Every structure is written in C-alpha cells, then in structure tokens.
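Taking it in order: structure first as structure tokens, then the write-up.
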Amino acid sequence: MASLSPPEEAAASSYHHRRSKRYSSSTTNGVSAETVPDKRHKISLPPPPPSSSSSNFISLSEIEAEFSHHDPAFARINNGSFGCCPSSVVAVQRDWQLRFLRQPDRFFFDELKPNISASRAAIRRLINAEHEDEVSIVDNATTAAAIVLQQTAWAFREGRFDRGDAVVMLHYAFGSVKKSVEAYVSRSGGEVIEVQLPFPVISAEEIINRFRTGLELGKANGRRVRLALIDHVTSMPSVVIPIRELVKICREEGVDQVFVDAAHGIGCVDVDMKEIGADFYTSNLHKWFFAPPSVAFLYCRRSGGGNNLHHPVVSHEYGNGLAVESTWVGTRDYSAQLVVPSILEFVNRFEGGIDGIKKKNHESVVEMGEMLVKSWGTQLGCPPEMCASMVMVGLPVCLGVSSESDAVRLRNLLRERFCIEIPTYFRAPGEGETDSITGYVRISFQVYNKPEEYHRLRDAVNELVRDGFKCTSLTD
Ligand SMILES: Cc1ncc(COP(=O)(O)O)c(C=O)c1O
Numbered sequence: 023m024a025s026l027s028p029p030e031e032a033a034a035s036s037y038h039h040r041r042s043k044r045y046s047s048s049t050t051n052g053v054s055a056e057t058v059p060d061k062r063h064k065i066s067l068p069p070p071p072p073s074s075s076s077s078n079f080i081s082l083s084e085i086e087a088e089f090s091h092h093d094p095a096f097a098r099i100n101n102g103s104f105g106c107c108p109s110s111v112v113a114v115q116r117d118w119q120l121r122f123l124r125q126p127d128r129f130f131f132d133e134l135k136p137n138i139s140a141s142r143a144a145i146r147r148l149i150n151a152e153h154e155d156e157v158s159i160v161d162n163a164t165t166a167a168a169i170v171l172q173q174t175a176w177a178f179r180e181g182r183f184d185r186g187d188a189v190v191m192l193h194y195a196f197g198s199v200k201k202s203v204e205a206y207v208s209r210s211g212g213e214v215i216e217v218q219l220p221f222p223v224i225s226a227e228e229i230i231n232r233f234r235t236g237l238e239l240g241k242a243n244g245r246r247v248r249l250a251l252i253d254h255v256t257s258m259p260s261v262v263i264p265i266r267e268l269v270k271i272c273r274e275e276g277v278d279q280v281f282v283d284a285a286h287g288i289g290c291v292d293v294d295m296k297e298i299g300a301d302f303y304t305s306n307l308h309k310w311f312f313a314p315p316s317v318a319f320l321y322c323r324r325s326g327g328g329n330n331l332h333h334p335v336v337s338h339e340y341g342n343g344l345a346v347e348s349t350w351v352g353t354r355d356y357s358a359q360l361v362v363p364s365i366l367e368f369v370n371r372f373e374g375g376i377d378g379i380k381k382k383n384h385e386s387v388v389e390m391g392e393m394l395v396k397s398w399g400t401q402l403g404c405p406p407e408m409c410a411s412m413v414m415v416g417l418p419v420c421l422g423v424s425s426e427s428d429a430v431r432l433r434n435l436l437r438e439r440f441c442i443e444i445p446t447y448f449r450a451p452g453e454g455e456t457d458s459i460t461g462y463v464r465i466s467f468q469v470y471n472k473p474e475e476y477h478r479l480r481d482a483v484n485e486l487v488r489d490g491f492k493c494t495s496l497t498d
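Numbering (our numbering), first residue to last: 23 to 498.
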C-alpha cells in the first residue's frame, strides 16, 4: 500500500478496521460465495454496528480497494450527480446478471419476484414505512416523478380536478422533473406555481415563508392546490429543504397530495416516512446509497390516494398495484434492484452504518467547504445545518462568471485542465447588486474522497485567479 500523507491518515483514523467473515480474502473483489443470494434469498437485516465499538471497521485501504475502479487521475468530488458503487456490490450485481443469462426461465419464474421483494423489505425497514406494499422499486427519480404526475394528469382529464387547479413546486425543482410537470400537468389544464427561493440561503425560515406565499398564490380565486412537489435536497443550487415543516403546512392548508422528490435522499439525509408524512416520496439508491445505476424507490402512503398510480411502462402486471407492476416492465436487466441486501452488508462495515457514513460525509463536506471559502475569500451558499453531503461554495468574483454558459465552460475547464469533476452554478445578481458572488461550485463528500482532492480544487482556482483568468476568455 502506498504510504499515506497526513490528511489521508486523518481520514483513515475515522474508519476503523473490521475483519468481516462475509468478505473473505480468498475471493475476487472481496466477495465470498456467501454474499451471493440464494434462490429465495431470505433477508434479515443486520443492525447497524454500534458507534462505540472501535476495533474492526473497514480500513482506508479496504475503502480504496472498493473504489479502485475510479479513475485515479481525477479528483471526483461530485458524488451528487451519479453516485458511486463499491466493487463488492458490482460483483454481486454481476452475479445476478449471470444467473439470468445462465438460466433465464428459472430466474424469471423462481428468483426475480421474491428477491425484488427482499429488496423492498429492506427498503421498507430503512425508511420506516408501515407496509411493504407502500414501497415500489423503479429505475430512478425521473420515473417516479412520471408515475406520480401521470396520476395528476388523469385526475384533470377525468374531471376529478378542475381546470386551473394548482400544482405548487419549488423554482429549484430538478430540470427533468419540471419538464414532467409541463408534460403531465400543464398540458392537462393544471396551473403551475413556482415558489421562488432565495440563494444564498440564510435560514430555513426564509424557505418556509416563501413556500407559504406560494401556497396562498395557488389558492387564489378559490382554486385548490392539488399537489405540492417539494425537493428534499435541491440539486442546483443545493440546499436541504425543511421538508417536515413544509409537509405540515401543506396539511394545514388542505393541499390534496404531497410528493417529495428526494433524488438525493437515502444515505444523504434522514429518511423516515412516518416522520415526514408525505403521500409520495422517491429517493434514488444510486446517488448516496452505493447502488449501481439505476435503482430508486417510490414510497406511496397507503392512505395517500396511491391506488391510481401505475407504472408508465404498462405490462402484464397492470392493475395489480404499483409495487407489483414495477417488478416486471418487460424483459430487461433487473440486477440493480436485487443488490440492496448486499449494499446493507457494505454500509454496515462502517462505524454507525449508513447513519455513520452520512454524519461523517456531512462533517467533512462542511470542513472542506469552509477551507475553500477561507482560501478564496468567499462564502458558502447556506449555513452548514442546511446542507447534507453537498455544499455550494462561492467562487472568487474576479473569475467573472456571468452566465450559465460561463459556468458550463468553467466546469469543462476544471475537468480538462485540472482533472477535477465538479458542477458549477451561475447565480444571476439581483437588481442593483454589484460585486456579488455569481459563480458557485457544488462539492460533495463520499467515503472514497480525500482532503487532497479539495486542495486540488482550491489550488486550481487560486492559479486561475493569479493568472488573471476571466470566464469571458473561454469559448465552446
Ligand atoms: C432533485 C432531483 N430530482 C431528480 C433527479 C433525477 O434523478 P435521476 O436522473 O436518477 O432520475 C435528480 C438528479 O440529480 C435530482 O437532483
């Protein structure tokens, strides 16, 4: 093993080493035959390891081995976009794929459904849902949004909602989800209200107040608000939304249904269905829960009017409930949906399990963000308690980020010249604002990250500043 620099040693000390019987050294990619699911894989979730035991958690070198397929030339500080998958889970996924290829009939008739059910059971326990049939497994948050919004469209078309009834969503809703709202809601006669959010954000109160205003607008002229679509963690700019408070306000204000888009939910923020109380909640597992692409869950509260939800890809199971419909949407690769129990084995090698990972990622991303703003003389996009494992970091004003295209070009430059993967954001200055920060980067922290990757970003930006670089000098 290469010798560790001091920051790496610091990181290593927080992940203690544990020798796990499940990961014997005699197997490929650290996966023993025991991790390969049986035909009817029985799931009993191991409880997360207590945070007090200190001797046998995963070591830094084992973490490095789990992510050794990452390109070592790149500082990959953008887990938020596409997540990551450890090699032990990739190996289990590969095994599922081979099982199908080896004997497709048996796989389809005997193995697929019970094992998807095992994954759903695991998710149900993780998210504290009441019943397994409230949990469907779908490809991604985009698909989940289409499922929920399609039922909204039918309600307009079938006359259960009146033309002009409102759907309220955040201005910072994810681009593809906004398109889905356009396709399903606007085209069906629904009025869409976008709640404008401040950025940078100073407090959760600001968001709560703006949301209340958005709901009032939605209810103007006697209209009903039929659906509130709220992000749990916005993508860009990234901020943790006070979701519990907003769901409560929706209930008080008589909003029919609440759908939480938590594409960055599980593994990033606390996800407890009973506590949050939404009708629909989706989270990707391939962003912060170490799943291979692509797998997400869609939770539909039993009492939340989910009976009319259907998978947009209609197949043999149509009419048997969304969870069952989603287990067969035609011939395809279902392996990503089957590895959830193996992911639990992976996260439980860390002190505190997924909660321990979440906490460490949050502390680390705040530390790295503060290091960057100190060096660049800028500020974070929100207070630390309003970020999870990602935080917006202001770029030096002198770089002159003055449009979305500038932000994209700067992102490309950081990738091409400095081998740094990092999303960038343009914030248009408000009226009369001069010399405000208009460029931000969104940094992520995940278990494979090391402080020197953020130092590389710091030094790259400082080099650009020293050289008098301006975004206007960049062309496509
Ligand atoms: C808030 C939000 N919603 C939806 C999505 C879409 O996720 P996916 O591409 O996995 O469907 C993303 C992706 O980053 C997101 O951040």
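For every residue, glycine included, the Cβ atom is placed at its ideal position computed from N, Cα and C. Quick caveat: nothing in here was measured; it's all calculated off a predicted structure.
Residues in the same chain with beta-carbon distance under 6 Å from residue 115, minus the five sequence neighbours each way, listed in chain order, please. Answer for residue 115: 314, 357, 361, listed in chain order.
Just to check, is the beta-carbon of residue 100 closer than 8 Å to a non-hydrogen atom of ligand 1? no
So, helix, strand or coil for residue 138, using DSSP? Helix, per DSSP.
Shortest alpha-carbon distance to residue 326 belongs to which of 281, 390, 101? 281
Across which residues does DSSP place residue 209 in a beta bridge pair? According to DSSP, residue 209 bridges with nothing at all.
Could you tell me if residue 494 is buried or exposed, where buried requires 16 or more neighbouring beta carbons within 10 angstroms of its beta carbon? exposed
Rounded to a whole number of angstroms, what is the C-alpha to C-alpha distance between residue 166 and residue 160? The C-alpha of residue 160 is placed about 7 Å away from the C-alpha of residue 166.
Can you tell me whether residue 224 is buried or exposed, with buried defined as 16 or more other CB within 10 angstroms of its CB? Exposed, because fewer than 16 other Cβ atoms sit within 10 Å of the Cβ of residue 224.
Verify whether the separation of the beta carbon atoms of residue 286 and residue 412 is less than 9 Å. yes
Among 376, 381, 322, nearest to residue 157 - alpha-carbon criterion: 322
Residue 464, enclosing beta strand (DSSP E) - first and last residue: 461-466
Which residues does DSSP pair with residue 250 in a beta bridge? 190, 280
Excluding the 5 residues preceding and the 5 following residue 154 in the sequence, name in chain order all residues of the same chain whose CB lies nearer than 8 Å to its CB. 139, 142, 143, 146, 345
Does DSSP put residue 245 in a helix, a strand or coil? coil
Considering only the alpha carbon of each residue, which of 435, 402, 460, 404 lies closest to residue 425? 460
When the distance is taken between beta carbons, is residue 199 closer than 9 Å to residue 251? yes
Buried or exposed for residue 56, please, with buried defined as at least 16 other CB atoms from any protein chain shown within 10 angstroms of its CB. Since pLDDT at residue 56 reaches only 34, below the 50 mark, its modelled position is unreliable, and the value read off the structure follows with that caveat. Per the 10 Å Cβ criterion, exposed.
Cutoff 6 Å; reference residue 446; Cβ partners in own chain excluding five residues on either side: Hits under 6 Å: 429, 432, 433, 463.
For the putative contact between residue 173 and residue 330, defined by C-beta atoms under 8 Å, what is the C-beta separation to the nearest angstrom? 5 Å
What is the DSSP secondary structure of residue 97, counted as helix, strand or coil? strand
State buried or exposed for residue 131, treating a residue as buried only when at least 16 other CB atoms are found within 10 Å of its CB. exposed
Mind pulling the alpha helix (DSSP H) runs of 4 or more residues that sit fully within the region 412-468? 426-440
Excluding the 5 residues flanking residue 441 on each side, which residues of the same chain have their C-beta closer than 6 Å to its C-beta? 95, 96
Sorry if obvious, but does the Cβ on residue 196 come closer than 8 Å to a heavy atom of ligand 1? yes
Rounded separation between residue 81 and residue 312 - CA only: Taking the straight line from one Cα to the other gives about 17 Å.
Answer yes if the region 263-270 comes into contact with the region 117-125, meaning at least three C-beta pairs across the two stretches below 8 Å, and no otherwise. Contact between the region 117-125 and the region 263-270 is absent, because fewer than three Cβ pairs lie under 8 Å.
Which runs of the beta strand (DSSP E) spanning at least 3 residues fall entirely within the region 156-188, listed in chain order? 157-160
Considering only residues of the same chain and omitting the five flanking positions on each side of residue 349, which have a CB-CB separation below 6 Å? 135, 138
One or two residues paired with residue 318 in a DSSP bridge: 160, 306
Can at least three beta-carbon pairs, one atom from the region 403-411 and one from the region 476-496, be found at a separation below 8 Å? no
Count Cβ pairs between the region 85-94 and the region 446-457 that sit closer than 8 Å; are there 3 or more? no
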